[in-house]
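**Student:** Take this structure first; my questions come after.
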Amino acid sequence: MFRLVNATGGYGKTTIIRDVSIAVMRGEVVALLGRNGVGKSTLMRFAIGSIPAMAGHVEIDGKLAPAAPERRARLGVGYVPQGRFVFPRMTVSENIAVAAAATGHDHRAAVTAALADFPMLRPKRDDLAGGLSGGQQQVLALARALATQPRILLLDEPTEGVQPSIIDEIAGILKRINAERGIAILVAEQDLDFCLSIAGRAYVMEKGRIRMEVDRDTLRADTALQQNLLGV
Amino acid sequence: MAPDFLATVLLSSLSSAAILLIATIGLAVVFGLMGVINLAHGEFLMIGAYTALTVTQAGVPYVLSIPVAVAVTMAIGALVEVLVISRLYGRIFDTMLATWGISIAFYQLAVLTFGTVSPGIGMPQISVQIGAYSLAVYPLLMNGVALAMLGFVYLLMTRSVYGMKARASIQVPEMARAIGISSARVNTMTFALGCGLAGFAGAVLLPIVPATPSMGFAFVIKAFLTVVVAGPVTLTGSALAALGLGGGASVTASFLTSVAGDAFFFVATALLLWRYPLGISARWRRKL
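The listed protein sequences derive, respectively, from chains W and Y.
By the working numbering, the letter at position 63 of the first sequence is numbered 63, and the numbering carries on one by one without gaps.
Just so we're on the same page, the working numbering is the position in the second sequence counted from 1, plus 232.
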């Protein structure tokens, strides 16, 4: 359903990822693992169209994806960036509403639905997003991405700088939206336990390339691999 | 000091601040929501003034000439954004140079079309008596106009979908596109809006500031400094900066000379920027 073919990209003249091909099937949860600086975030930004392709392309439902990120968003690609990047001088409600409106959905209904899905945001609905805690911002970034009614959700390091209780909550939410709404998920992470708890299989990256593809059970059993590629 | 004199000075200074704010809001919107400094802002004001003047001379009531001025300046603004500004995203100095060039072109065009002197439309001759002094009503009305403009922009930016998209686009551009916002279309709209506000200002100030090709220069420097002093929380910041700088300059001018008023404006600006390099609103937690 969502496929990167020979993706090669980076910043300026520096190539960060080379020849990366991955696929996420309809309703599947896939993890993208690897140490810091192997190119996971660059791969995510390639996937949403934020950085230009030096080579390779992205396919959605077997068709070539348009180049502009806003058009990919409207085709159902949702994105939760590393570092969250909520709109700081907009309220929690507005962060959600603007995402729904921009993808052609009813923004009032989207806010109501999001506040029902994420009770934690309810008391903060009229607060500026810039004043929320890291964990609250992470949940808001997720709610914002869901307001675009995506078919695939790309999450970049959703557990970074988030307290353990909220990490569990995020894992629960992701499992639920995957099961109930059939939203496919590609999650880039360093937190192995978090990934093992939600993803069925994983790609492991090293130096800007896909080193291997493993299923959950193999990864869980293979401590040597965990040591070697992930440093855990 | 006589209380009637003091009241007159305060009221007329308040009006001066309001006039500065009216002339500044369009620039503040474009800078605050696009990060673009439109040095042709003054010329859009001039185009608004000439449009209102031409339409009035053709026999249309003055009040109805104002929406025409807004429509004309918005259309020209949209054209300029698509043809020039959109090619210079993220290049703030190149945009300043380009808009400066546009301002010179518009100025010359106005000189060729209208000549350097043109008739004013005359201020409505209504005034109020305060003690021994009489004060024209039209400039006082500008306080209400300034408030109405502030209210309009605030509501547009906070209540409309366009406003949310525009704010999202300036706050985190990459994320705005990633959730489906066409920044290009939003920016065209924002620039047109800023130019339309300038056109409105030119038209509504026409009875006070007659249309001349060079009228833009008089406004753009102070408007520009007001926006820079205001900082990232554009709307509230600009209102406060206009009140402090414009009002302060006017009070100073009333007691001393108009040169002293200008000196106050520029010295106060320099001091504020020295104390708040990113503008007075850099640390505020507010929407606009």
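Note that the Cβ used here is the ideal one computed from N, Cα and C, for glycine as well.
These numbers were taken from a predicted model, which means no experiment stands behind them.
#1: Which residues mark the beginning and the end of the alpha helix (DSSP H) in which S297 (chain Y) is found?
#2: Within the same chain, show all residues whose beta-carbon is closer than 6 Å to that of V316 (chain Y), passing over the 5 residues directly before and after it, in chain order.
#3: Is A184 (chain W) near Y79 (chain W), with beta carbons less than 7 Å apart?
#4: For the 8 Å Cβ check, are there 3 or more pairs between the region 117-135 of chain W and the region 84-101 of chain W?
#5: What residues of chain W sit near R391 (chain Y), judged by a beta carbon separation below 7 Å?
#6: Please name the residue, chosen from Y:S366, Y:T240, Y:V491 and Y:P445, that lies closest to E275 (chain Y) on a Cα-to-Cα basis.
#7: In this structure, how does DSSP classify V214 (chain W) when only helix, strand and coil are distinguished?
#8: What is the DSSP secondary structure of D19 (chain W), counted as helix, strand or coil?
#9: Residues of chain Y with CB closer than 7 Å to the CB of E70 (chain W), please, in chain order.
#10: Across which residues does DSSP place K269 (chain W) in a beta bridge pair?
#11: Since N178 (chain W) is in the alpha helix (DSSP H), which residue starts that stretch and which ends it?
#12: Since A47 (chain W) and N6 (chain W) are thought to touch, with beta carbons under 8 Å apart, how far apart are those beta carbons, to the nearest angstrom?
#13: Output the distance between the C-alpha atoms of Y294 (chain Y) and S244 (chain Y), rounded to the nearest integer angstrom.
#14: With DSSP run on the structure shown, which of helix, strand or coil describes Y508 (chain Y)?
#15: On the three-state DSSP scale, how would you describe F2 (chain W)?
#16: S366 (chain Y) bridges to which residues according to DSSP?
#17: So if I threshold CB-CB distances at 7 Å, which residues from the region 69-96 of chain W count as touching chain Y?
#18: Please tell me whether A101 (chain W) has its Cβ less than 7 Å away from any Cβ of chain Y.
#19: In angstroms, rounded to a whole number, what distance separates the CA positions of R112 (chain W) and P81 (chain W)?
#20: Give every residue of the same chain whose Cβ lies closer than 8 Å to the Cβ of A234 (chain Y), excluding the five residues on either side of it in the sequence, and list them in chain order.
#21: Specify the secondary structure class of K397 (chain Y) as computed by DSSP and reduced to three states.
#22: What are the boundary residues of the beta strand (DSSP E) that includes R518 (chain Y)?
#23: Check for me: the beta strand (DSSP E) holding L155 (chain W) runs from which residue to which?
#24: Quick one: what does DSSP say H57 (chain W) is sitting in, helix, strand or coil?
#25: Determine the chain Y residues that contact S50 (chain W) at a beta-carbon separation under 8 Å, and present them in chain order.
#26: Select from the region 451-473 of chain Y all residues with a C-beta closer than 9 Å to any C-beta belonging to chain W, and list them in chain order.
#27: What three-state label does DSSP hand K454 (chain Y) in the structure shown?
#28: Mind checking if A514 (chain Y) is an interface residue toward chain W, Cβ cutoff 7 Å exclusive?
#29: Just checking: is the beta-carbon of A400 (chain Y) within a distance shorter than 7 Å of some beta-carbon in chain W?
#30: Go to E206 (chain W), then tell me how far its beta strand (DSSP E) extends in each direction, as first and last residue.
#31: Can you find a C-beta in chain W that's less than 7 Å from the C-beta of M396 (chain Y)?
#32: Which parts of the region 49-105 of chain W are runs of the beta strand (DSSP E), unbroken and 3 residues or longer, counting only runs that do not cross its ends?
#33: With a threshold of 8 Å on Cβ separation, who are the neighbours of K397 (chain Y) within its own chain once the five nearest residues in sequence on each side are excluded?
#34: Less than 7 Å separating the beta-carbons of F451 (chain Y) and A255 (chain Y)?
#35: Using a Cβ cut-off of 7 Å (strictly closer), state whether R517 (chain Y) contacts chain W.
#36: So, helix, strand or coil for V499 (chain Y), using DSSP?
**Tutor:** Concretely, from the data shown:
#1: As a first step, residue 297 (chain Y) must be located in the second sequence, where it is residue number 65. Here the alpha helix (DSSP H) through S297 (chain Y) covers Y294 to L315.
#2: The residue given as residue 316 (chain Y) occupies position 84 in the second sequence. Excluding residues within five positions, the ones whose Cβ falls inside 6 Å are A330.
#3: Within the first sequence, the letter at position 184 stands for residue 184 (chain W). Within the first sequence, the letter at position 79 stands for residue 79 (chain W). Not in contact: A184 (chain W) and Y79 (chain W) (Cβ atoms no closer than 7 Å).
#4: yes
#5: Taking the second sequence and counting its residues from 1, one reaches residue 391 (chain Y) at position 159. Those within 7 Å of R391 (chain Y) in chain W number zero; the least Cβ separation is about 10 Å.
#6: The residue you call residue 275 (chain Y) lines up with position 43 of the second sequence. If we check each option's Cα against that of E275 (chain Y), Y:P445 comes out closest.
#7: As a first step, residue 214 (chain W) must be located in the first sequence, where it is residue number 214. The three-state reading of DSSP puts V214 (chain W) in strand, counting E and B together.
#8: Counting from 1 along the first sequence, the entry for residue 19 (chain W) is found at position 19. Of the three classes helix, strand and coil, the one that applies to D19 (chain W) here is strand, per DSSP.
#9: Within the first sequence, numbered from 1, the residue matching residue 70 (chain W) stands at position 70. What E70 (chain W) touches in chain Y: R409, G412, I413 and S414.
#10: Here chain W covers residues 1 to 232 and nothing more, so residue 269 (chain W) does not appear.
#11: Mapped onto the first sequence, residue 178 (chain W) falls at position 178. P164 to R181 is the extent of the alpha helix (DSSP H) around N178 (chain W).
#12: Position 47 of the first sequence, counted from the first residue, corresponds to residue 47 (chain W). Position 6 of the first sequence, counted from the first residue, corresponds to residue 6 (chain W). Not a contact, Cβ separation roughly 13 Å.
#13: Translated into positions along the second sequence, residue 294 (chain Y) becomes position 62. Translated into positions along the second sequence, residue 244 (chain Y) becomes position 12. Distance from the CA of Y294 (chain Y) to the CA of S244 (chain Y), rounded to the nearest whole angstrom, comes to 24 Å.
#14: Position 276 of the second sequence holds residue 508 (chain Y). Here Y508 (chain Y) sits in coil by DSSP.
#15: If you number the first sequence from 1, residue 2 (chain W) lands on position 2. In this structure, F2 (chain W) counts as strand in the three-state DSSP scheme.
#16: Counted from its first residue, the second sequence places residue 366 (chain Y) at position 134. S366 (chain Y) pairs with Y:Q361.
#17: P69, E70, A73, R74, Y79, P81, F85, F87, P88, R89, M90 and E94
#18: For the purposes of this step, residue 101 (chain W) is taken as the residue at position 101 of the first sequence. Answer yes: the Cβ-Cβ gap between A101 (chain W) and chain Y drops below 7 Å somewhere.
#19: Looking up residue 112 (chain W) in the first sequence gives position 112. Looking up residue 81 (chain W) in the first sequence gives position 81. Note on identity: in this sequence residue 112 (chain W) is Thr, with Arg being the wrong assignment. Going from the Cα of T112 (chain W) to the Cα of P81 (chain W) covers about 23 Å.
#20: In the second sequence, the residue the question calls residue 234 (chain Y) occupies position 2. Excluding positions up to five away in sequence, the list reads G363 and A364.
#21: For this step, residue 397 (chain Y) is matched to residue 165 along the second sequence. K397 (chain Y) falls in the helix class under three-state DSSP.
#22: As a position in the second sequence, residue 518 (chain Y) is number 286, starting the count at 1. It is not in any beta strand (DSSP E) - R518 (chain Y) carries neither H nor E in the DSSP assignment.
#23: In the first sequence, the residue the question calls residue 155 (chain W) occupies position 155. Per DSSP, L155 (chain W) belongs to the beta strand (DSSP E) from I152 to D156.
#24: Taking the first residue of the first sequence as 1, we reach residue 57 (chain W) at position 57. DSSP places H57 (chain W) in strand when its eight states are reduced to three.
#25: Your numbering for residue 50 (chain W) matches position 50 in the first sequence. Within 8 Å Cβ-Cβ: E406, R409 and A410.
#26: P464 and V465
#27: Mapped onto the second sequence, residue 454 (chain Y) falls at position 222. It is helical.
#28: Along the second sequence, one-based indexing puts residue 514 (chain Y) at 282. It does not: the Cβ of A514 (chain Y) has no partner Cβ on chain W nearer than 7 Å.
#29: Here residue 400 (chain Y) is taken as the residue at index 168 of the second sequence, counted from 1. At least one C-beta of chain W is nearer than 7 Å to the C-beta of A400 (chain Y).
#30: Position 206 of the first sequence holds residue 206 (chain W). Per DSSP, E206 (chain W) belongs to the beta strand (DSSP E) from R201 to E206.
#31: Translated into positions along the second sequence, residue 396 (chain Y) becomes position 164. Answer yes: the Cβ-Cβ gap between M396 (chain Y) and chain W drops below 7 Å somewhere.
#32: 55-60 and 77-80
#33: Here the question's residue 397 (chain Y) lines up with position 165 in the second sequence. Closer than 8 Å at the Cβ level, and outside the excluded window around K397 (chain Y), lie A408, I413 and V418.
#34: In the second sequence, residue 451 (chain Y) corresponds to position 219, counting from 1. In the second sequence, residue 255 (chain Y) corresponds to position 23, counting from 1. A contact, by the Cβ cut-off of 7 Å.
#35: Walking along the second sequence from the start, residue 517 (chain Y) turns up at place 285. For R517 (chain Y), the answer is yes, since a Cβ of chain W falls inside 7 Å of its Cβ.
#36: In the second sequence, residue 499 (chain Y) corresponds to position 267, counting from 1. Of the three classes helix, strand and coil, the one that applies to V499 (chain Y) here is helix, per DSSP.
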